[in-house]
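Numbering (this note's numbering), first residue to last: 1 to 594.
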């Protein structure tokens, strides 16, 4: 067992001519003011890279350097150290073999942490150097709450079977924090926040209970045999949301706020009566991170500049479109964040209000008492606003009021559930809005989707089959099928999905004079043709393809986007493939106007 030794890393770095004496003295002075470790200070000052520093440290200590992103650790070995101790000592048990335990540490020179780990593990320890950021990310991945959730579900099931307590009394007693139902929900929320879930689904089936979490747009399922606990979970959640726990025949909607892992999470809850009980879906909104700025919404720089100039116009209608879960709300709030200044009055009409904004007048609609989108919008226009955001244009009345507001000196932002930019303008006409009003008020349409990013840890070449390459040649252009693409093989970092995180795909259509005239005439075919030929217009499929060509996403995700957009757009692309001179010798595609 190698005992860590105290080394003067600064002097060693100078001795090996990796940093200069002046740089060391600067780092030491900075370290005193910031209170950080010398290694972190050197890295922050740019005197040495993190990888270079850690490899040098490993060499001096004669221990291995382990890249956790590409290391296949053993789950059973990891669990030999509890999560709380792993986080406290910045350590992870990677391997258990005959000679002892291989433990990755962010700071292997920390003798105190080493001694504590020896006491806890009671086994010989061999140290390894790991990146602290990778270590914390791995801890979030490996210490899931799945086993804890199963155990708590079993405990709750036993108590329900034994009739050891009155369920209604338990649910109404806020002090019973150690009750199994409370601990189970707490673990469920902690696990969801830890893995970045956007939604939690609780679904009772005939013989089992399904808990599902939506991660990066896809559902991940956990099946539990303790089906009888569903009613206890639903009742407790209803109580937290201020809903009627005795009403099980009708759908209900509610909301509550919880603190999870130091973060403020707003939970939007919806119940639905099913054949075998009540289904609950909860949307998790992280309020602690603040609103995304326009730069962080994910638009390419050129498109971002165009969109920013549009939201700064004094009047007109700007629509953001796409299916549920495509990031429309995030984009709109990013725009509002950009516009939120003391000299502008902003009113929003939403159902529900998702994020709280300072200085912005936010109104929650309430259909049961007659507080509809149209009614609130009429009242909002009498409040002297500069900017109005309508959560969704759901009917003809709301659309007409919004369009006329845009024509009378207001900037109006709203959403529509349509597939692409072209069909959005035509959808307004289908809703009964007059063509001359749409043509005069509508400034631009931003259609968007979210595609999954390939996991950096398990990225590999994607050998496309012949049919896929033929599709690329037809849709994108001759030669596109010969390009190389990537995919994720699946690993512990991405929960074996091959993807980690998402990025936005955008299609921006600005309404110029020709497009406005087509709308005034109600010429749907002419509008679609002019939109396709507009300079700078790139359909969603080609925008997603750009990400695949760059290795950011996979062709599987491109096909998913292509399957969601309007069929007419794909037909236009199929009949107008790019010419060979738009693909250079490296296979890079230059799309000017499809």
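Here a beta-carbon is modelled for each residue, glycine too, at the ideal position from N, C-alpha and C. As the structure is a prediction and not an experimental result, all values here were calculated from the model.
DSSP on residue i, reduced to helix/strand/coil?
{"i": "residue 409", "result": "coil"}
{"i": "residue 444", "result": "strand"}
{"i": "residue 606", "result": "Outside the shown range of the chain (1 to 594) lies residue 606, about which nothing can therefore be said."}
{"i": "residue 334", "result": "helix"}
{"i": "residue 189", "result": "helix"}
{"i": "residue 368", "result": "helix"}
{"i": "residue 113", "result": "helix"}
{"i": "residue 433", "result": "coil"}
{"i": "residue 18", "result": "coil"}
{"i": "residue 324", "result": "coil"}
{"i": "residue 106", "result": "coil"}
{"i": "residue 23", "result": "helix"}
{"i": "residue 215", "result": "strand"}
{"i": "residue 514", "result": "helix"}
{"i": "residue 66", "result": "coil"}
So which of the options has the shortest CA-CA distance to residue i?
{"i": "residue 446", "options": "482, 257, 303 and 399", "result": "303"}
{"i": "residue 468", "options": "461, 457, 480 and 458", "result": "480"}
{"i": "residue 450", "options": "430, 503 and 499", "result": "503"}
{"i": "residue 519", "options": "440, 387 and 463", "result": "440"}
{"i": "residue 399", "options": "419, 378, 521 and 383", "result": "378"}
{"i": "residue 217", "options": "231, 209, 200 and 225", "result": "200"}
{"i": "residue 545", "options": "452, 117, 97 and 422", "result": "452"}
{"i": "residue 388", "options": "396, 557 and 402", "result": "402"}
{"i": "residue 184", "options": "84, 226, 53 and 283", "result": "226"}
{"i": "residue 215", "options": "264, 284, 205 and 275", "result": "284"}
{"i": "residue 375", "options": "397, 16 and 360", "result": "397"}
{"i": "residue 296", "options": "332, 255 and 278", "result": "332"}
{"i": "residue 211", "options": "298, 334 and 188", "result": "188"}
{"i": "residue 98", "options": "109, 483 and 123", "result": "123"}
{"i": "residue 15", "options": "51, 56, 329 and 43", "result": "56"}
Using a 10 Å radius around the Cβ and a threshold of 16 neighbouring Cβ atoms, would you call residue i buried or exposed?
{"i": "residue 221", "result": "exposed"}
{"i": "residue 219", "result": "exposed"}
{"i": "residue 465", "result": "exposed"}
{"i": "residue 223", "result": "exposed"}
{"i": "residue 463", "result": "exposed"}
{"i": "residue 549", "result": "buried"}
{"i": "residue 86", "result": "buried"}
{"i": "residue 358", "result": "exposed"}
{"i": "residue 112", "result": "exposed"}
{"i": "residue 19", "result": "buried"}
{"i": "residue 253", "result": "exposed"}
{"i": "residue 192", "result": "buried"}
{"i": "residue 596", "result": "Nothing can be reported for residue 596: it is not among the residues displayed for the chain, which extend from 1 to 594."}
{"i": "residue 533", "result": "exposed"}
So residue i is in the beta strand (DSSP E); what residue range does that whole segment cover?
{"i": "residue 220", "result": "218–224"}
{"i": "residue 499", "result": "499–510"}
{"i": "residue 286", "result": "277–286"}
{"i": "residue 316", "result": "316–321"}
{"i": "residue 483", "result": "It is not in any beta strand (DSSP E) - residue 483 carries neither H nor E in the DSSP assignment."}
{"i": "residue 229", "result": "Note, residue 229: premise wrong, no beta strand (DSSP E); not H, not E."}
{"i": "residue 388", "result": "387–390"}
{"i": "residue 259", "result": "252–260"}
{"i": "residue 627", "result": "Because the chain spans 1 through 594 in this model, residue 627 falls outside it and cannot be assessed."}
{"i": "residue 489", "result": "Taken as a continuous stretch (DSSP letters only), residue 489 belongs to no beta strand (DSSP E), as it is neither H nor E."}
{"i": "residue 353", "result": "Counting along the chain, residue 353 falls outside any beta strand (DSSP E), and DSSP gives it neither H nor E."}
{"i": "residue 125", "result": "125–129"}
The alpha helix (DSSP H) with residue i in it runs from where to where?
{"i": "residue 201", "result": "No alpha helix (DSSP H) holds residue 201; the beta strand (DSSP E) holding it covers 197–204."}
{"i": "residue 54", "result": "50–61"}
{"i": "residue 534", "result": "Premise fails: residue 534 is in no alpha helix (DSSP H) and is neither H nor E."}
{"i": "residue 468", "result": "466–475"}
{"i": "residue 266", "result": "Premise fails: residue 266 lies in the beta strand (DSSP E), 263–274, not in any alpha helix (DSSP H)."}
{"i": "residue 612", "result": "Absent from the structure is residue 612, since the part of the chain shown begins at 1 and ends at 594."}
{"i": "residue 348", "result": "Segment 346–350 is the beta strand (DSSP E) holding residue 348; no alpha helix (DSSP H) there."}
{"i": "residue 136", "result": "132–142"}
{"i": "residue 81", "result": "That residue, residue 81, is in no alpha helix (DSSP H); it is neither H nor E in DSSP."}
{"i": "residue 342", "result": "No alpha helix (DSSP H) contains residue 342, which DSSP labels as neither H nor E."}
{"i": "residue 310", "result": "301–311"}
{"i": "residue 39", "result": "38–44"}
Is there a Cβ from chain B that is less than 7 Å from the Cβ of residue i?
{"i": "residue 350", "result": "Within the model displayed, chain B is absent; a lone protein chain is all it includes."}
I want to know whether the region 516–533 touches the region 340–358 - three or more CB-CB distances under 8 Å. The region 516–533 makes no contact with the region 340–358, as fewer than three CB pairs between them are under 8 Å.
Would the region 423–442 count as touching the region 328–345 if we require 3 or more Cβ pairs under 8 Å? Counting Cβ pairs under 8 Å, fewer than three are found: no touch.
I'd like to know if the region 404–420 and the region 312–332 are in contact, where contact means that at least 3 CB-CB pairs between them fall below 8 Å. Cβ pair count under 8 Å is three or more, so yes.
Can you find at least 3 beta carbon pairs, one from the region 503–513 and one from the region 533–541, that sit closer than 8 Å? Counting Cβ pairs under 8 Å, three or more are found: they touch.
The region 253–271 touching the region 230–243, judged by at least three CB pairs closer than 8 Å: Touching, yes.
Could you say if the region 414–426 and the region 320–331 meet the contact criterion of at least three C-beta pairs nearer than 8 Å? With the cut-off at 8 Å, the region 414–426 and the region 320–331 touch.
Does the region 30–48 come within contact of the region 7–21, defined as at least 3 CB pairs closer than 8 Å? Short answer: they touch.
Is it true that the region 92–104 meets the region 118–135, where meeting means three or more beta-carbon pairs spaced less than 8 Å apart? Enough Cβ pairs lie closer than 8 Å, so yes.
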